[in-house]
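Structure, as structure tokens:
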Amino acid sequence: MKSRPHQRSLLPLAALQGAVGSFGGFIGFFVIGAHDLDALFRYTAAMLTAAMASTFLAYLISPRLRIGGTGLVRLGLLFPGLLLLVADGSVALTAIAFGSYLGMTWTGRHALEMSLLADSERDPYAARSGTATIVLSFSATLASTVLLAAFSEQSRYVYWLYGAFCIFGALFLGKAIPPTDPVVLKAPLAVIRQPRFIACLPIFFLESGLFGISQAMAATGASNALGVASHFGWVTTVAGLAGGAALYITRKKRNKDNRAHWFGGACLVMSASYLLLGASAWIPALYIVHSMMRAAGAPFLAASQQVLNQCTLDIRGELADRIFARELVLWVLRMAALFLFWGLAMVLTPLHLFLAGSAFLAGAMATEYAIGRALFWSSAAARTAEPA
């Protein structure tokens, strides 16, 4: 399917968002390298809370400043960009910067995609935006790796690079995107009470509630197996090529009728990659294999999850209420999972915690597929039942 102008106009911001998102892997490595796993848990808790706070702030300022989704994305790049220029490894400033970037840019992006994309456009757009994201993420990761290798692993240069990316995007991107209405909250709690929303809670938990745990496991595995940040960057850069090439080649084969098949294949690859992550505790070289498999499967998983998330928001209520309700529930689930895992870290040895986390993530992928497939089928049935 040929992309339409409004789809193409979204791609630069989506790609830049993905590039800045690649900083998350480096942050975990920097925090563990300078501190310990406990510091990474503190960072993640603060970052998730900053993300939720900035999401709420987005809904406060959007009607007051009369800005829609594009304006929110650009603000979500400008403020974190300025913070990253002065963070210089500070756990608190990094958590605020990255959290506010996630919260505000995703609020704006959800508003744009839900407003501008029809259901039949979601799958091709997800593949195209995923491909664009990988290309820019690859470039950002490569540039960061070169800086680390050239300047004795000094992280401040990576902070400056990502800060510059954010500021550039805030100032120059998004001008071709069609304007959308400001996002205004009216009755978000009414959305949460809907049976269809409640039915999505398991998939919300599996798809995003485990975010903190996966971040901790990835950072721990990379630190144990690779030693220095530039090595992590080289592995991530090379691995990213596999995912980008695969998603680009198959970009025209995704559609609303084969969503479950792509989702299942991605979950299978990701589940296997997490098992290899656990095995890297004994054979460090397996971390590289894990990285390759994760890079190959993650773009397909992200594309499927993007469509799945949009399908779960096809319920009653104002768009802003639906988006905010989802983000609020995700924050609660993420924090609950993080604190439970943090508690396990106090009673298990680091090795046992690492193995338990990897096995749990592998099992979560299989469970996510089972639940997500049912939701895709339910969505397909609803479309079939609609009058022509």
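Residue numbering for the sequence shown follows our numbering, beginning at 55 and increasing consecutively.
For each residue, glycine too, the CB sits at the ideal point set by N, CA and C.
Because the structure is a prediction, the values reported are computed rather than measured.
A direct Cα-to-Cα measurement between residue 219 and residue 382 gives close to 28 angstroms. Its chain contains 116, 117, 120, 121 and 122 as the residues whose beta carbon lies nearer than 7 angstroms to that of residue 236, once the 5 sequence neighbours on both sides are disregarded; these appear in chain order. Relative to the Cα of residue 196, the nearest Cα in the group 167, 216 and 180 belongs to 216. Scanning 289, 69 and 106 for the CA closest to the CA of residue 340 turns up 289.
Going by C-alpha positions, residue 274 is about 14 angstroms away from residue 329. Its Cα nearest to that of residue 378, the residue 243 stands out among 360, 243 and 92. For residue 224, the CB contacts under 6 angstroms within the same chain, skipping 5 residues up- and downstream, are 128, 131 and 132 in chain order.
Here the alpha carbon of residue 336 sits roughly 47 angstroms from the alpha carbon of residue 247. Counting only runs of 4+ residues, the alpha helix (DSSP H) found wholly inside the segment 224-259 occupies 242-246, 249-253 and 255-258, in chain order. Between residue 162 and residue 103, the gap from beta carbon to beta carbon reaches 8 angstroms or more.
Between residue 73 and residue 193, the beta carbon gap of about 7 angstroms places them in contact (Cβ cut-off 8 angstroms).
Assignment of beta strand (DSSP E) within the segment 81-151, counting only whole runs of 3 or more residues, yields no such run. Inclusion of residue 420 and residue 321 in the CB contact set at 8 angstroms is warranted, their separation being smaller than that value.
Counting along the chain, the unbroken alpha helix (DSSP H) around residue 378 starts and ends at 373-399.
Counting along the chain, the unbroken alpha helix (DSSP H) around residue 176 starts and ends at 173-204.
Under the three-state reduction of DSSP, residue 370 is assigned to coil, being neither helix nor strand. Of the candidates 374, 61 and 390, 61 places its Cα closest to the Cα of residue 181. Taking the CA atoms as reference points, residue 229 sits about 22 angstroms from residue 109.
Around the C-beta of residue 177, 16 or more other C-beta atoms lie within 10 Å, and the residue is accordingly described as buried. Here the C-alpha atom of residue 68 lies approximately 6 angstroms from the C-alpha atom of residue 187.
A straight line joining the alpha-carbon of residue 351 with that of residue 250 spans about 28 angstroms.
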